[in-house]
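Heads up: the structure comes next, in structure tokens.
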Amino acid sequence: MARTKTSFRCTACGRQELKWLGQCQGCGEWNTLVEVAPAAASARPGARPGARPAARPVRALEVQTLREARFTTGLGELDRVLGGGLVPGSSVLLGGDPGIGKSTLMLQVCAGMARPEAPVLYATGEESLEQVRARAVRLGLPLDGLQLLAETDVEALAGALQAGSFRAVVFDSVQTLRCPDIPSAPGSVGQVRESAARLAEVARARGQPIFLIGQVTKEGTLAGPRMLEHMVDTVLYFEADPGRSLRVVRAHKNRFGPVSEIGVFEMTGQGLVVVDNPSRAFLQDRPARACGSAVLAMLRGTRPLLVEVQALVSSSVYAQPRRTAWGCDPNRVALLAAVLERRAGLQLAGCDLFLNVAGGLELDEPAADLAICAAILSSQADRPIHPRLAVFGEVGLAGEVRAVPAAEARAQEALRLGYARVLLPAGCLEQLHAPRGLEPTGIASLDRLAELALEDR
Ligand code: TYD
Ligand code: MG
Numbered sequence: 093m094a095r096t097k098t099s100f101r102c103t104a105c106g107r108q109e110l111k112w113l114g115q116c117q118g119c120g121e122w123n124t125l126v127e128v129a130p131a132a133a134s135a136r137p138g139a140r141p142g143a144r145p146a147a148r149p150v151r152a153l154e155v156q157t158l159r160e161a162r163f164t165t166g167l168g169e170l171d172r173v174l175g176g177g178l179v180p181g182s183s184v185l186l187g188g189d190p191g192i193g194k195s196t197l198m199l200q201v202c203a204g205m206a207r208p209e210a211p212v213l214y215a216t217g218e219e220s221l222e223q224v225r226a227r228a229v230r231l232g233l234p235l236d237g238l239q240l241l242a243e244t245d246v247e248a249l250a251g252a253l254q255a256g257s258f259r260a261v262v263f264d265s266v267q268t269l270r271c272p273d274i275p276s277a278p279g280s281v282g283q284v285r286e287s288a289a290r291l292a293e294v295a296r297a298r299g300q301p302i303f304l305i306g307q308v309t310k311e312g313t314l315a316g317p318r319m320l321e322h323m324v325d326t327v328l329y330f331e332a333d334p335g336r337s338l339r340v341v342r343a344h345k346n347r348f349g350p351v352s353e354i355g356v357f358e359m360t361g362q363g364l365v366v367v368d369n370p371s372r373a374f375l376q377d378r379p380a381r382a383c384g385s386a387v388l389a390m391l392r393g394t395r396p397l398l399v400e401v402q403a404l405v406s407s408s409v410y411a412q413p414r415r416t417a418w419g420c421d422p423n424r425v426a427l428l429a430a431v432l433e434r435r436a437g438l439q440l441a442g443c444d445l446f447l448n449v450a451g452g453l454e455l456d457e458p459a460a461d462l463a464i465c466a467a468i469l470s471s472q473a474d475r476p477i478h479p480r481l482a483v484f485g486e487v488g489l490a491g492e493v494r495a496v497p498a499a500e501a502r503a504q505e506a507l508r509l510g511y512a513r514v515l516l517p518a519g520c521l522e523q524l525h526a527p528r529g530l531e532p533t534g535i536a537s538l539d540r541l542a543e544l545a546l547e548d549r
């Protein structure tokens, strides 16, 4: 049979070309053409009509219910991020910087899930079998039930999936996979895309969960293709606070659960260890009585967490002062700075403003506003915040402090960590069944923030 040539498809409009072009002739977008394997090309939009029998829809009522029997990965923190465990047949992409601990995490997960009667397969293209085994031994992981395979050819890997019966399969990493139909080098957009699609398809058909490990590029995207994210059921990112041993796994996309949960680990000499008390870990290096440091009671998924928000206000040498933020949206910080100037009388003109969320967490809820304002105010006034005070609340453009969800859970977490004084939106006070020992203070407007949050001189 004559071998069909590879072709190129536009990821924006689906148009197919026989050779690569910088600009799509269909929609005019640049750099959207990716290489596709011949088989995949003919099955996609643009294929000749009538080449295959017409598809037959089925009544939704007749579709078999999905087996929802999730099973545990052996690591509670990872189960939490996955939405309560691993779903059979699901494909999970784990992305992260090189050296952050993706292979370590997956090896620990494999060993935790493997049983002699239900083995787990760890397929590696990055390390030799000896290196993987040596790491497992060094970490003290049980080896029975763990099967290793050093292979990068996708067809051979798909064959291994079909021939064996594994509890789960890990591919380390997608950048090393090679689809024989595609001439370009492993790691190229076309290769990564076709390899991931092929393996996810086999996994789904066999009800076999798979993990694909992917390196994050310097630009911060999962190597090359953001489009990989559409092919898998769940995308997890593994992140670290630079220079510290804490690691956070968070869901970026999850077809089987929420995307707001996080799992916290610490990288130790014995591999990754679950952090039982993340709030304490995030606050452990907080300097005592420092100006510009506020404790925020935030919510991540269903979990309340205490984190430190730091601000530094300093006189600027630039005509246009700088507003820089790490761990939160710089536009939100600029907006809150403007609200503080107008509604709380703060003088920020001519000042640079830097904001940082300690611990490498990303603040993505409006409830962080009040803590950001308190940190800026404290730095500008050069007065520390009350030592045992935790803060949360949304701030509006008129300087009003608005109610936020889960006030009770946030306050409980603050009290548990010894932050007995909690400054929260006045509107949340009535929903709060204050536990014993808690000293809640309601705040309705930013103009009272200095009086309620800062220590007297
Ligand atoms: P690794 O899992 O190989 O990272 P990735 O697969 O994301 O590239 O982890 C590599 C780093 O983790 C390496 O710098 C050493 C460190 N590490 C430990 O600190 N303790 C351990 O027990 C292990 C296995 C690794
Ligand atoms: Mg690795």
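Take any residue in the sequence shown, note its place counting from 1, add 92, and you have its number in this note's numbering. The beta-carbon is built from N, C-alpha and C at its ideal position, and this holds for glycine as well.
Original post:
Considering only the beta carbon of each residue, do V401 and A332 sit closer than 9 Å?
Top reply: no
Original post:
Beta carbon of V261, beta carbon of Y214: below 9 Å?
Top reply: yes
**OP:** Give a yes or no on whether the C-beta atoms belonging to E169 and V356 are separated by under 9 Å.
**Re:** yes
Subject >> Distance cut-off 8 Å: G363 Cβ against heavy atoms of the ligand TYD >> reply: yes
**OP:** Might you give, ordered along the chain, the residues of its own chain that have their beta carbon closer than 8 Å to the beta carbon of C443, omitting 5 neighbours on each side?
**Re:** V405, S406, S407, S408, P413, Q472
**OP:** Buried or exposed for S182, please, with buried defined as at least 16 other CB atoms from any protein chain shown within 10 angstroms of its CB.
**Re:** buried
Original post:
So M323 and A343 are in contact, right, with Cβ under 8 Å, and what is the actual spacing, rounded?
Top reply: Their Cβ separation, rounded to whole angstroms, is 16 Å, which puts M323 and A343 out of contact at 8 Å.
**OP:** Can you grab the Cα-Cα spacing for the pair L178 / T164, in whole Å?
**Re:** 6 Å
Original post:
Does the beta carbon of P527 fall short of 8 Å from some heavy atom of the ligand MG?
Top reply: no
Original post:
Going by the beta-carbon positions, is the gap between S287 and V308 smaller than 9 Å?
Top reply: no
Original post:
What span of residues does the alpha helix (DSSP H) with K194 cover, start to end?
Top reply: 194-205
Original post:
Helix, strand or coil: how does DSSP classify N346 here?
Top reply: strand
Original post:
First and last residue of the beta strand (DSSP E) that includes R148?
Top reply: Taken as a continuous stretch (DSSP letters only), R148 belongs to no beta strand (DSSP E), as it is neither H nor E.
Original post:
Going by DSSP, what residues sit across from I464 in a beta bridge?
Top reply: BP columns for I464 are empty, so no partner.
Original post:
What are the residues that DSSP puts in a beta bridge with I477?
Top reply: L546
Subject >> Residue nearest to L541 in terms of C-alpha spacing, selected from L240, G166, H478 >> reply: H478
**OP:** Kindly provide the ranges of any alpha helix (DSSP H) runs that are 4 or more residues long and lie completely inside the region 206-244, ordered along the chain.
**Re:** 221-230
Original post:
Is any heavy atom in the ligand MG found nearer than 8 Å to the beta carbon of E219?
Top reply: yes
Original post:
Do three or more CB pairs link the region 492-500 to the region 516-531 at distances below 8 Å?
Top reply: yes
Original post:
What is the rounded straight-line gap between the Cα of V184 and the Cα of R162?
Top reply: 14 Å
Subject >> Simplified DSSP state of E433, which is helix, strand or coil >> reply: helix
Original post:
V126: buried (16+ other C-beta within 10 angstroms of its C-beta) or exposed?
Top reply: buried
Original post:
When the Cα atoms are used, what is the spatial distance from A499 to Y511?
Top reply: 14 Å
Original post:
Among R347, T416, L338, which one has its Cα closest to the Cα of A373?
Top reply: L338
Subject >> Per-residue burial, G191 [other beta carbons within 10 Å of its own, 16 or more giving buried] >> reply: exposed
**OP:** Grab me the residues of P234's own chain with a C-beta within less than 6 Å of its C-beta, minus the 5 sequence neighbours each way, in chain order.
**Re:** A203
Original post:
Can you tell me where the beta strand (DSSP E) with L125 in it begins and where it stops?
Top reply: 125-128
Original post:
Contact between the region 420-427 and the region 385-395: three or more CB pairs below 8 Å?
Top reply: no
Subject >> Segment limits, beta strand (DSSP E) that includes P458 >> reply: It is not in any beta strand (DSSP E) - P458 carries neither H nor E in the DSSP assignment.
Original post:
According to DSSP, is P422 helix, strand or coil?
Top reply: helix
Original post:
Going by beta carbon distance, what residues of the same chain come within less than 6 Å of L269, once the five residues before and after it are set aside?
Top reply: T244, V246, S287
Original post:
Out of curiosity, what's the CA-to-CA distance linking F552 and R148?
Top reply: For the chain, the structure presents residues 93 to 549; residue 552 sits outside this window and is missing.
**OP:** Compare the C-beta of T164 with all C-beta atoms of chain B and state if any pair is closer than 9 Å.
**Re:** Although the question refers to chain B, the structure presented lacks it and comprises just one protein chain.
Original post:
Just to confirm, are P396 and Q523 a CB contact at a threshold of 9 Å?
Top reply: no
Subject >> Start and end residues, beta strand (DSSP E) containing L524 >> reply: Careful: L524 lies outside any beta strand (DSSP E) and carries neither H nor E.
Original post:
In the DSSP assignment, what are the bridge partners of E400?
Top reply: V387
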